[in-house]
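Protein chains in written order, with this note's numbering: chain A, 184 to 305; chain B, 13 to 107.
One structure is given below, encoded as structure tokens.
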Amino acid sequence: METIEHQATRRKGLAAAGGLIGAILASSCCIAPLLLVTLGVSGAWMSHLTALAPYQGYFVAATLAFLGAGYWYVYFKPGKACEDGSYCASPQSDRVIKIVLWVATVLVALALGVNLIVPLFI
Amino acid sequence: MAHTVKILLLIGLLATVAPAVADEVTATFTVEKMTCATCPLTVRKVMERVDGVVEAKVDYDTKTAIVTYDDERTTAAEIAAAATEIGYPAMLHTG
């Protein structure tokens with residue numbers, strides 16, 4: 184029983200981590216350089232960030248898939264009846280996973296939102 | 013005789029160009045790899061950070077940057093290098 188719960192947590196964690204990495208990659212090409220340049224940071228290494236731009240769509244798609252899985256595991260998956268005091272009854276790890284999921288969601292929403300909003304200001 | 017005319021023309025040309033040296037000049041650059049909405053904004057910011065640049069207008073559709081700068085404080089090559097360095101290869105547009 185314990186190992187099954189562990190597996191579920193690991194799957195949730197994997198989905199959340201994948202979503203976060205994807206969200207960071209999706210925003211690194213376009214938001215990060217703009218932020219850095221605005222803050223006065225510049226350097227040849229930034230060309231690596233901007234080079235990711237053509238792949239942004241893939242990163243966004245992968246992120247959404249990971250996030251979808253993550254949210255489903257955390258919020259919608261029918262839970263098993265938990266015994267009091269058992270690991271799954273007090274899922275500390277769920278809070279971390281939820282935070283990661285939400286952070287990744289905000290990041291990816293920013294990455295997409297900026298693409299829609301910025302053209303209005305140029 | 014023809015030589016004298018040419019020299020006079022040259023002097024005349026230099027005389028009209030020389031006063032413009034200390035003024036602001038405008039150059040057009042073609043900028044590559046601007047594939048996202050925020051890219052032109054990033055290019056503009058990085059070009060305007062070059063000392064001597066007065067204004068940079070970057071157009072996403074035509075992939076060009078029109079930069080006004082003080083040619084005593086910077087050069088077109090320096091402005092192009094600033095954008096190229098962060099991953100948007102810029103070249104002075106000629107013609």
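The beta carbon of each residue, even a glycine, is placed where N, CA and C say it ideally should be.
- Relative to the Cα of residue 97 of chain B, the nearest Cα in the group A:231, A:214 and A:196 belongs to A:231.
- In its chain, beyond the 5 residues on either side, 62 have a beta carbon closer than 7 Å to the beta carbon of residue 90 of chain B.
- Taking 7 Å as the threshold, the shortest C-beta distance from residue 197 of chain A to chain B does not fall below it.
- Contact annotation: residue 88 of chain B and residue 55 of chain B have beta-carbon atoms that are not nearer than 7 Å.
- Assigned with DSSP and collapsed to three states, residue 46 of chain B falls in coil, not helix or strand.
- Sorting A:227, A:191, A:240 and A:194 by C-alpha distance to the C-alpha of residue 208 of chain A places A:240 at the top.
- Identification of residues in the segment 225-246 of chain A having a C-beta nearer than 8 Å to some C-beta of chain B yields 225, 226, 227, 229, 230, 231, 232, 233, 234, 236, 237 and 239, given in sequence order.
- Comparing alpha-carbon positions, the option among B:105, B:39 and B:45 lying closest to residue 66 of chain B turns out to be B:39.
- When A:228, A:256 and A:216 are compared, the shortest CA-CA separation from residue 199 of chain A is found for A:256.
- Proximity of chain A to residue 78 of chain B at the Cβ level (cut-off 9 Å) is not reached, the minimal Cβ distance being about 13 Å.
- Chain order gives the chain B residues near residue 214 of chain A as 50, where near means a beta carbon separation below 7 Å.
- Interface annotation for the segment 61-75 of chain B against chain A: 61, 70, 71 and 72, criterion Cβ-Cβ distance under 9 Å.
- At a cut-off of 7 Å between beta carbons, residue 217 of chain A contacts chain B.
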